[in-house]
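Report on the following structure.
Number of protein chains: 2
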Amino acid sequence: MADERAMSGEDSIIARYFKPLATDAGALGLNDDAAVLKARGEDLVITTDAIVEGVHFLANDPPDTIARKALRVNLSDLAAKGAFPAGFVLTLALRDVDDGWLAAFARGLGADAASFECPLLGGDTVSTPGPLTVSITAFGHAPPDKMVQRSGAKPGDRVLVTGTIGDAALGLDILRGGRVADALADDPAGRDALVARYRVPEPRNALAGALREHASAAMDVSDGLAGDLTKLCAASAVSALIDAPSIPKSPTTAALLKRGAISVETLVAGGDDYEILCTVDEARYEAFAERARSAKVELTSIGTVLAGTHIPQFLDEEGRAIVLKRLSYSHF
Amino acid sequence: MADERAMSGEDSIIARYFKPLATDAGALGLNDDAAVLKARGEDLVITTDAIVEGVHFLANDPPDTIARKALRVNLSDLAAKGAFPAGFVLTLALRDVDDGWLAAFARGLGADAASFECPLLGGDTVSTPGPLTVSITAFGHAPPDKMVQRSGAKPGDRVLVTGTIGDAALGLDILRGGRVADALADDPAGRDALVARYRVPEPRNALAGALREHASAAMDVSDGLAGDLTKLCAASAVSALIDAPSIPKSPTTAALLKRGAISVETLVAGGDDYEILCTVDEARYEAFAERARSAKVELTSIGTVLAGTHIPQFLDEEGRAIVLKRLSYSHF
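First to last, the protein sequences are chains A and B.
Just add 2 to the spot in the first sequence (first one is 1) and you have this note's numbering.
Just add 2 to the spot in the second sequence (first one is 1) and you have this note's numbering.
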């Protein structure tokens, strides 16, 4: 800067905390109004997700985990769409400037941007009298017309999910001092594991290439498995039958369910899983499963795509339909 | 949707108000997790700007103007960078669901998306306990490596701005019941004109092609002419000399200045102009001015780029340097 006076508080925040992250040439050192992204002859896949203090994260969550969650929920969308990360822009609405908080936030963001090879390209920092809000728009590359959509599921396809389901919703309940916190009063390690799943999801970007090659439809589970599967089925004009006991659960979650401390509904309507839900033709299943093993991503068959447009059904161990009062988390 | 239960409040907002705007094939009808943008062999120019209730707009501003401003501040960046609009994604953080408000917001957004040929590609709707926040990331096309940057200004170049400067800052003062409101107590038409400039800026997208062809550097004036020129000069490692009386002003603003009701500083440090500030080599000036005339964009020479890295100087009618206590609006 030519003169000290030219650097506003906003410029100074950007210079101090975010310029070090803007290593990609297209970011122009965050010195311009816009960034440049080269498409390399591919389609750009664009996703945007915002997280709000008190809604998607808690005010006392560690700032580095807030940053990582904000980026990872977007990376999870790119993964589900079979796209490779190309970069992101960040909008930060801040109530005040807390240097310790910002330094930790930028550190977490930078670490994930580097490890997922998704560089910061630009952004906007604004003041707000309200809750801290982190809005990220992320970009991915996919070969022309190869983005995996929600709409390709066919009757007979397997329904698959990565990782485990329900942990994050239980983690949130613990942070809010709910009944899961009580149920795990004697299990601090179990509590910590669930809270960690809520705070820092594990996007499955390692599976993007395999999804593009083999999945007939895919999306990430962000609002709850039941609701998200319903959306995928609706987009594909199909239904599905899910074997609830086969839904993958972490040991802590499985134990809570067995004890009756939680219900299946808590797991499948809870949200914040950021696992991948996909459908794969039976003939491609083995090849896909092999790719998942190579990528070290846990993959579980949980059901089958059916013809029809009725809402997907979840069956219990006796084959009876589970009545779900709600399917997912909704903001409104 | 397969079942009524599958449609959450958030889905319903999207279906009712925003799907009608998502006419581009890449938006996938807002039925997917991501959008697809075809780069057509060009660079993607990416810009992001958020506006917050109580900071960038007022709670009782008409919802259609809030939507239009949110999109136009981004369109203005694309224009300044010489990029043609390709689309945008919207993140809306809402305190509650007010159907009348949302309908008007979507109507304003749709009208501008259509007239600027910048379709809605996707978005995220989240709840917030805080102020309404509208965050938009917009995309533009520019031929490879042709985005106009801030960094190309050369000594001897003309410094030019489009439209008029300062009106929006005065409009905000009026809405806040400040001294400009008093000074224009007898001039409701003048007040309305300034308020309109604050609420709905006029992005200069018609000038994008000419800027790409002729400008050595450009940016849009969003935080104040003085501060933004200082940034452009810093990025270009030059300085500038500005003839303050030649800064283009609307009749109302010019009259206020003449009466001493406002100072030059109010105009050049006020922000929210969303006009284009650019530098053009003298040899290209006539061709550029001709293009501006064809595009019906008012263009005014206000000074000259100088060698050196001192802060740009604004001279008054007697050629004396004007001391500016502040250069621009800063959030922090």
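Built from N, CA and C at the ideal position, the CB exists for glycine as well.
State the start and end residues of the unbroken alpha helix (DSSP H) segment that holds residue i.
| i | result |
| --- | --- |
| Ala309(B) | Where Ala309(B) is concerned, there is no enclosing alpha helix (DSSP H), given that its DSSP letter is neither H nor E. |
| Val266(B) | Val266 to Val270 |
| Ala113(A) | Asp101 to Ser117 |
| Lys233(A) | Leu227 to Ser238 |
Can you look up residue i in the DSSP assignment and give me helix, strand or coil?
| i | result |
| --- | --- |
| Ile16(A) | helix |
| Leu326(B) | coil |
| His216(A) | helix |
| Asp5(A) | With a pLDDT of only 37 at Asp5(A), under the threshold of 50, the placement of this residue in the model should not be trusted; the figure read from the coordinates follows. In the structure shown, Asp5(A) sits in coil (DSSP, three-state: anything other than H, G, I, E or B). |
| Ile249(B) | coil |
| Arg160(B) | strand |
| Ser78(A) | helix |
| Leu177(A) | helix |
| Asp222(A) | strand |
| Val299(A) | coil |
| Lys83(B) | coil |
| Lys21(A) | helix |
| Leu60(B) | coil |
| Leu186(A) | coil |
| Lys260(A) | helix |
| Lys148(A) | coil |
| Gly305(A) | strand |
| Ile244(A) | strand |
| Ala37(B) | strand |
Evaluate residue i with the Cβ neighbour count: other Cβ atoms within 10 Å of its Cβ, from every protein chain shown; 16 or more gives buried, anything less gives exposed.
| i | result |
| --- | --- |
| Asn76(A) | buried |
| Ala323(A) | exposed |
| Ser117(B) | exposed |
| Asn207(B) | buried |
| Glu284(B) | exposed |
| Ala24(A) | buried |
| His216(B) | buried |
| Val182(B) | buried |
| Ala309(B) | exposed |
| Ala228(A) | buried |
| Arg70(B) | buried |
| Pro65(B) | buried |
| Arg295(B) | exposed |
| Asp184(B) | exposed |
| Asp44(B) | According to the sequence as given, residue 44(B) is Glu; it is not Asp. So Glu44(B) counts as buried. |
| Glu288(A) | exposed |
| Arg261(A) | exposed |
| Val128(A) | buried |
| Pro121(A) | buried |
Indicate, with yes or no, if the ligand GTP has a heavy atom lying under 7 Å from the CB of residue i.
| i | result |
| --- | --- |
| Lys83(B) | This structure lacks the ligand GTP; in fact it carries no ligand of any kind. |
Would you kindly report the start and end of the unbroken beta strand (DSSP E) that includes residue i?
| i | result |
| --- | --- |
| Pro190(A) | That residue, Pro190(A), is in no beta strand (DSSP E); its alpha helix (DSSP H) goes Pro190 to Arg201. |
| Glu277(B) | Glu277 to Val282 |
| Val91(B) | Phe86 to Leu96 |
| Phe141(B) | Thr135 to Ala144 |
| Gly125(B) | Leu122 to Ser129 |
| Thr49(B) | Asp45 to Val54 |
If you draw a straight line from the alpha carbon of residue i to that of residue j, how long is it in whole angstroms?
| i | j | result |
| --- | --- | --- |
| Leu329(B) | Ala72(B) | 23 Å |
| Asp79(A) | Ala195(B) | 44 Å |
| Ala144(B) | Gly84(B) | 7 Å |
| Phe59(B) | Pro203(B) | 12 Å |
| Arg7(B) | Arg97(A) | The predicted position of Arg7(B) is uncertain, since its pLDDT is 40 and thus under 50; a value taken from the coordinates is nonetheless stated next. Distance between the alpha carbons of Arg7(B) and Arg97(A): 37 Å. |
| Gly179(B) | Ala198(B) | 15 Å |
| Val266(A) | Asp13(A) | 49 Å |
| Arg42(A) | Leu46(B) | 11 Å |
| Phe141(A) | Asp63(A) | 26 Å |
| Gly112(A) | Ala191(A) | 28 Å |
| Gly211(A) | Phe290(A) | 10 Å |
| Arg214(B) | Thr255(A) | 58 Å |
| Ile167(B) | Asp275(B) | 6 Å |
| Arg18(B) | Lys21(A) | 40 Å |
| Asp175(B) | Pro253(B) | 17 Å |
| Ile278(A) | Ala297(A) | 14 Å |
| Arg286(A) | Lys156(B) | 60 Å |
| Thr67(B) | Ala106(B) | 9 Å |
task = For the stretch 214-223 of chain A and the stretch 118-138 of chain A, state whether three or more C-beta atom pairs, one from each stretch, are separated by less than 8 Å.
result = no
request  = May I ask you to verify whether the stretch 147-164 of chain A touches the stretch 84-101 of chain B, counting CB pairs closer than 8 Å and requiring at least 3?
outcome  = With contact defined as three or more Cβ pairs closer than 8 Å, the stretch 147-164 of chain A and the stretch 84-101 of chain B are not in contact.
request  = Determine, using beta-carbon pairs with one atom in the stretch 43-53 of chain B and one in the stretch 241-252 of chain B, whether at least three such pairs fall under 8 Å.
outcome  = no
task = Evaluate the contact criterion for the stretch 11-28 of chain A versus the stretch 141-156 of chain B: three or more CB pairs, one atom per stretch, below 8 Å.
result = No: fewer than three Cβ pairs fall under 8 Å.
key: Segment contact, 8 Å Cβ cut-off, at least three pairs: the stretch 307-326 of chain B with the stretch 237-245 of chain B   = yes
query = Are the stretch 163-173 of chain B and the stretch 269-282 of chain B in contact at 8 Å, needing three or more beta carbon pairs?
reply = yes
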